[in-house]
Amino acid sequence: MQSPPATQMPEQELNVTVPTVPRKEEDPTTEMAVPPTAAAPDADGSGHAEGRVYMTGYRLYTLTVGISLALFLSALETTIVSTSLVSMTNALGGFDQRNWVVTAYLLTYTGFLVILAKFSDIFGRKSVFLASIATFTIFSVVIINRSFQGIGASGMYAMGSVIVPEMVPPEKWGNYISIMPLVVVLSSVLGPILGGFINDHSSWRWVFLLNGPAGAITIAMVAFAMPTKFPNHGNLPARPKKTLHERIASSRRSLARLDLVGAFLLLAFSILIVFGFEEGGRRFSWRSAAIITSITLGSLLFLSFVVWEKFVGVGQGSIREPIFPLRLMKRRRVGFLTGMPFMTILINTPQRFQAVNGFSAWDAGLRTLPLLLSSPVGTLISSQLVTKARVPPSYVLFAGVALQVLGVGLASTVGPEDMQHLYGYEVLMGVSFGVTLIMLVIFVPFTVGKEDLAVSMGAVTQVRVLGGTIGLAISATVLNNYLGSHLSSVLDQTQLHDISESIAAIDQLPKHLQTTVRGIFSDAFNTRASNKIFLSLPRVDTPRVQKKS
2 MQSPPATQMP EQELNVTVPT VPRKEEDPTT EMAVPPTAAA PDADGSGHAE
52 GRVYMTGYRL YTLTVGISLA LFLSALETTI VSTSLVSMTN ALGGFDQRNW
102 VVTAYLLTYT GFLVILAKFS DIFGRKSVFL ASIATFTIFS VVIINRSFQG
152 IGASGMYAMG SVIVPEMVPP EKWGNYISIM PLVVVLSSVL GPILGGFIND
202 HSSWRWVFLL NGPAGAITIA MVAFAMPTKF PNHGNLPARP KKTLHERIAS
252 SRRSLARLDL VGAFLLLAFS ILIVFGFEEG GRRFSWRSAA IITSITLGSL
302 LFLSFVVWEK FVGVGQGSIR EPIFPLRLMK RRRVGFLTGM PFMTILINTP
352 QRFQAVNGFS AWDAGLRTLP LLLSSPVGTL ISSQLVTKAR VPPSYVLFAG
402 VALQVLGVGL ASTVGPEDMQ HLYGYEVLMG VSFGVTLIML VIFVPFTVGK
452 EDLAVSMGAV TQVRVLGGTI GLAISATVLN NYLGSHLSSV LDQTQLHDIS
502 ESIAAIDQLP KHLQTTVRGI FSDAFNTRAS NKIFLSLPRV DTPRVQKKS
């Protein structure tokens, strides 16, 4: 396929021209252009387009590895703790609060994705990228405040999403953008296994400490390979040096573009909604003032967020850019419901093996291999169907969603001793996760304008992770409520308290009670799995929705 002719658009701040890709008006779900596997070089072989120098050679490869490592670390920090949560709560207490280890990370990870992408327009891609990696690494090493670690990881993922489409010409986007979901899937494969190995052979603290040397290597690679002025480096016309007053004025104009109110509303309603579902029926009654206020206020803030995003930047002379343009919501290119089943299955499957079957963290991680190894298979097959066989992406996405409903539904029927069937159902779910993740990422560059590319890449991830965070909160509520109502009939208050603090307390019960308690845990996990079917079903009509957008 020949790359479309470039048109020139003046870039206001830099006074240079950059190539743009014309967008087709026809339905992208059935006739979406698929990028070729290789780009045609420029006449001079320099690898640069008019007005913009794209990266080539060893710098491109080094930066690609650095971005991949950053994405890997940010995603790994979610999955590696899935087999470590039981060990952490056994050591520190509070098994019933285990999900906050993941949720605190995901909340800030979600809330800062787009705002940090916007900050990179002011302070530069390289500065924000390096600062994010450093923040993530520091708070990993000191093992405090997972929320700050999430902020660093958010910047790492946001910058990766923004930088990848900017470092190569549009005809190479397909090859490089597909790296992102592959890295996420790889972290899903290695995370639970690595976490289980660390817990069984060392201290759970090394789950976080390992980020120290890995983060340092990532910083070195990005600092070396990424140009300081990226993506506006290279053959740019010389500009007079700005005075201090001009630099301050320019920074103020750039800051005025940030939708800080929108970012605050997004983060605030996310925290309140997640808190309400996490603590409702556990620490507080559903009818308590704390829960009612949290959910009500969170809902009001969500409505305020939608209204604000509708009118922000509309006034005459306004330069503020909405953090989540509602035109993206109208196009429905977001994956809110994709994150719910993916995140909950990924976190809960190792916990099920430990609570129901009594496996160690290492053994639980190994038993998730069918789920995790099948995910990259789904990613590779679906990407080949789209790029080589020219199957419409919406149809591939539909097949992935249908497969996910089937796998989750079958998994909800598994008993404590029915291990062989569960492994097969893990394969179905794993393939479906691989398909849905990469399809949502591939859709973005071909369905939005260039002005929306950065925010769209961040928004797709932001909404998906937010869906996973809320899904975790809902599933934790279902599990805790089920356990609380059923365990109370067979255990006394002391035994109930011990199990709520540490799942290892099950091993201290009499043999007949151990069997009963593990059976109740199995039923609780199955009840939670059946709820995930309803989280997947609304996406089955994806092709119809895409054609209407």
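Here the sequence shown stands for residues 2 to 550, where the numbers follow this note's numbering. Note that beta-carbon positions come from the ideal geometry of N, C-alpha and C, so glycine has one too.
K311: member of the alpha helix (DSSP H) spanning A290 to F312, first to last residue. Distance from G196 to A362 at the Cβ level is roughly 7 Å; contact confirmed, criterion being Cβ atoms closer than 8 Å. When DSSP states are grouped into helix, strand and coil, V415 belongs to the coil group. Per DSSP, the beta bridge partners of G281 are F285. The straight-line gap separating the alpha-carbon atoms of L473 and V54 is approximately 43 Å.
For the pair of segments examined, the segment 106-125 was found not to touch the segment 66-73: the number of CB pairs separated by less than 8 Å stays below three. A check of alpha carbon separations from A477 across P170, F231 and E280 identifies E280 as the nearest.
The DSSP-derived three-state label of V262 is helix. Contact annotation: L492 and A525 have beta-carbon atoms that are not nearer than 8 Å.
Residue ranges of uninterrupted alpha helix (DSSP H) with 4 or more members, entirely inside the segment 342-373 and ordered along the chain, are 362-367.
Here L302 is near L273, since their CB atoms are less than 8 Å apart. With fewer than 16 other CB atoms across the displayed protein chains lying within 10 angstroms of its CB, F225 is exposed. A distance below 8 Å separates the beta carbons of G416 and S523. The beta carbons of G401 and G379 sit closer together than 8 Å.
A distance below 6 Å between beta-carbons, with the five flanking residues on each side excluded, links M227 to the following residues of its chain, in chain order: L64 and K127. For the pair A412 and V357, the Cα-to-Cα distance works out to about 14 Å.
With respect to the 8 Å criterion, T80 and S155 are not classified as neighbours on the basis of their beta carbons.
Contact annotation, L367 with I194: C-beta distance approximately 6 Å; criterion of less than 8 Å satisfied. For F113, there is no enclosing alpha helix (DSSP H), as DSSP gives it neither H nor E. In terms of CA proximity to F231, E167 leads the group E167, E172 and V184. Considering only Q352, V308 and V275, the residue with the shortest C-alpha distance to T294 is V275.
Scanning its chain for C-beta atoms nearer than 6 Å, with the 5 sequence neighbours on each side dropped, one finds around S375 the residues V428, G431 and V432, in chain order. In the structure shown, P171 adopts helical secondary structure according to DSSP, grouped into three states.
Here the alpha carbon of L438 sits roughly 6 Å from the alpha carbon of P182.
V307 is classed as exposed because its beta carbon has fewer than 16 other beta carbons within 10 Å across all chains shown. For the pair A105 and S148, the CB atoms are nearer than the 8 Å cut-off. S503 sits buried, since 16 or more C-beta atoms from the chains shown fall within 10 Å of its C-beta. Within 10 angstroms of the beta-carbon of G216 lie 16 or more other beta-carbons, which makes it buried.
Cβ-Cβ separation between V82 and V102: approximately 6 Å, consistent with a contact (criterion under 8 Å). For M222, the enclosing alpha helix (DSSP H) stretches over residues N212 to A226. Taking the CA atoms as reference points, R353 sits about 12 Å from E418. Here DSSP, grouped into helix, strand and coil, assigns R126 to helix. By a beta-carbon distance limit of 8 Å, V185 contacts L72. Their separation comes to about 7 Å. Of the candidates Y110, Y62 and L398, the residue whose Cα lies closest to the Cα of V466 is Y110. Distance between F285 and F278, taken at the CA atoms: about 10 Å.
Pairing T350 with L370 gives a Cβ-Cβ distance that is not under 8 Å.
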